[in-house]
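Taking it in order: structure first as structure tokens, then the write-up.
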Amino acid sequence: GQGVEQPDNLMSVEGTFARVNCTYSTSGFNGLSWYQQREGHAPVFLSYVVLDGLKDSGHFSTFLSRSNGYSYLLLTELQIKDSASYLCAVRKPNYNVLYFGSGTKLTVEP
Amino acid sequence: NSKVIQTPRYLVKGQGQKAKMRCIPEKGHPVVFWYQQNKNNEFKFLINFQNQEVLQQIDMTEKRFSAECPSNSPCSLEIQSSEAGDSALYLCASSRDRAAEQFFGPGTRLTVL
């Protein structure tokens with residue numbers, strides 16, 4: 013929604029990795045944020061990227077390509093508790109309002 | 022962990038009734054945002070404040086909602102006349118300035134019968 017698209021679902025296996033993709037086509041761009049949201053809970057901030065390239069934050073890494081309108085969140089060494097929805101949100105220059113995708117529900121299986 | 026407090030967690034109203042929810046931002050965060058997350062997980066920005074001043078709001082908010090962030094009191098968002106389509110999770114977020122990250126509260130889940 014709102015020009016920010018994510019796949020609905022993603023499945024992976026404990027101990028491996030998962031890549032959550034996000035594409036955007038919004039007018040105005042002031043960076044992109046990733047949030048984790050569990051059912052019935054608040055979105056939890058994970059990462060913010062505004063420059064192209066890979067940003068390694070350990071368990072979570074994020075990549076951005078502004079020319080392609082593309083970002084991904086990479087989770088490594090997956091644990092069962094990483095099962096959650098992952099939200100991609102583009103920041104607009106006007107007062108940094110966030111425009112969210114509908115989230116990708118990640119299921120990590122044993 | 023976010024320290025944004027939202028009350029009540031759950032709110033049930035009949036159509037046409039007022040629905041009011043409150044938010045206490047994190048200490049030291051003068052910028053407050055309200056978003057609506059519907060059952061399809063679609064987010065919609067509603068309004069934001071810096072201290073007591075409205076920065077930006079969408080048309081729907083201006084017409085149907087009443088919102089404020091008074092000094093030394095919780096921020097509030099009130100739907101003047103609830104409609105079935107207003108059933109959603111209302112999320113409040115705060116940040117230390119306009120350029121900083123937004124941290125979310127747990128939300129108020131509104132059900133309009």
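Chains as they are written, first to last, in my numbering: chain A, 13 to 122; chain B, 22 to 134. Note that CB positions come from ideal geometry on N, CA and C, so glycine has one too.
Residue burial classification, residue i (beta-carbon count within 10 angstroms, cutoff 16)
{"i": "VAL25 of chain A", "result": "exposed"}
{"i": "VAL62 of chain A", "result": "exposed"}
{"i": "GLY115 of chain A", "result": "buried"}
{"i": "ASP68 of chain A", "result": "exposed"}
{"i": "ALA121 of chain B", "result": "exposed"}
{"i": "GLY27 of chain A", "result": "exposed"}
{"i": "MET23 of chain A", "result": "exposed"}
{"i": "ASP118 of chain B", "result": "exposed"}
{"i": "PHE70 of chain B", "result": "buried"}
{"i": "GLN36 of chain B", "result": "exposed"}
{"i": "SER92 of chain B", "result": "exposed"}
{"i": "SER94 of chain B", "result": "exposed"}
{"i": "PRO46 of chain B", "result": "buried"}
{"i": "SER116 of chain B", "result": "buried"}
{"i": "SER87 of chain B", "result": "exposed"}
Straight-line gap, residue i to residue j (C-alpha atoms, nearest Å)
{"i": "LYS117 of chain A", "j": "ASP20 of chain A", "result": "6 angstroms"}
{"i": "VAL16 of chain A", "j": "ARG85 of chain B", "result": "27 angstroms"}
{"i": "GLU74 of chain B", "j": "THR88 of chain A", "result": "42 angstroms"}
{"i": "GLY52 of chain A", "j": "TRP46 of chain A", "result": "18 angstroms"}
{"i": "PHE57 of chain A", "j": "GLN48 of chain A", "result": "7 angstroms"}
{"i": "GLN38 of chain B", "j": "PRO127 of chain B", "result": "23 angstroms"}
{"i": "TYR82 of chain A", "j": "LYS65 of chain B", "result": "21 angstroms"}
{"i": "GLY65 of chain A", "j": "PHE75 of chain A", "result": "5 angstroms"}
{"i": "TYR60 of chain A", "j": "PHE112 of chain A", "result": "13 angstroms"}
{"i": "ALA114 of chain B", "j": "PHE124 of chain B", "result": "5 angstroms"}
{"i": "TYR36 of chain A", "j": "GLN101 of chain B", "result": "34 angstroms"}
{"i": "LEU98 of chain B", "j": "ASN33 of chain A", "result": "33 angstroms"}
Closest residue to residue i among the options (Cα-Cα distance)
{"i": "ARG78 of chain A", "options": "A:VAL120, A:MET23, A:LEU58 and A:LEU44", "result": "A:LEU44"}
{"i": "LEU134 of chain B", "options": "B:PHE124, B:GLY126, B:ASP107 and B:CYS113", "result": "B:ASP107"}
{"i": "ALA109 of chain B", "options": "B:ASN61, B:GLN27, B:GLU89 and B:LYS24", "result": "B:ASN61"}
{"i": "VAL120 of chain A", "options": "A:ILE92, A:LEU99 and A:TYR111", "result": "A:ILE92"}
{"i": "SER103 of chain B", "options": "B:LYS41, B:ALA88, B:LYS24 and B:ALA114", "result": "B:LYS41"}
{"i": "LEU112 of chain B", "options": "B:ALA105, B:CYS96 and B:GLN101", "result": "B:CYS96"}
{"i": "ALA105 of chain B", "options": "B:CYS90, B:ASN59, B:ARG43 and B:ILE26", "result": "B:ASN59"}
{"i": "PRO122 of chain A", "options": "A:SER95, A:LEU99 and A:CYS100", "result": "A:SER95"}
{"i": "GLY70 of chain A", "options": "A:SER97, A:PRO55, A:LEU90 and A:GLN18", "result": "A:LEU90"}
{"i": "PHE29 of chain A", "options": "A:TYR84, A:ASN80 and A:LEU99", "result": "A:TYR84"}
### Task
Examine the Cβ distances between the segment 97-112 of chain A and the segment 27-45 of chain A and report whether three or more of them are shorter than 8 angstroms.
yes
### Message
Quick check on the DSSP output: what are the complete beta strand (DSSP E) runs of length 3 or more inside the segment 19-78 of chain A, in order along the chain?
### Response
21-25, 30-36, 44-49, 56-61, 65-69 and 72-77
### Query
Taking only runs of the beta strand (DSSP E) that begin and end inside the segment 23-75 of chain B, which ones reach a length of at least 3 residues, in chain order?
26-28, 31-34, 40-45, 52-58 and 64-71
### Message
Check whether the segment 74-93 of chain B and the segment 30-37 of chain B are in contact - that is, three or more C-beta pairs closer than 8 angstroms.
### Response
no
### Message
Threshold first: 3 residues or longer. Then list the beta strand (DSSP E) segments lying entirely within the segment 78-121 of chain A, N to C.
### Response
82-87, 96-103, 110-112 and 116-121
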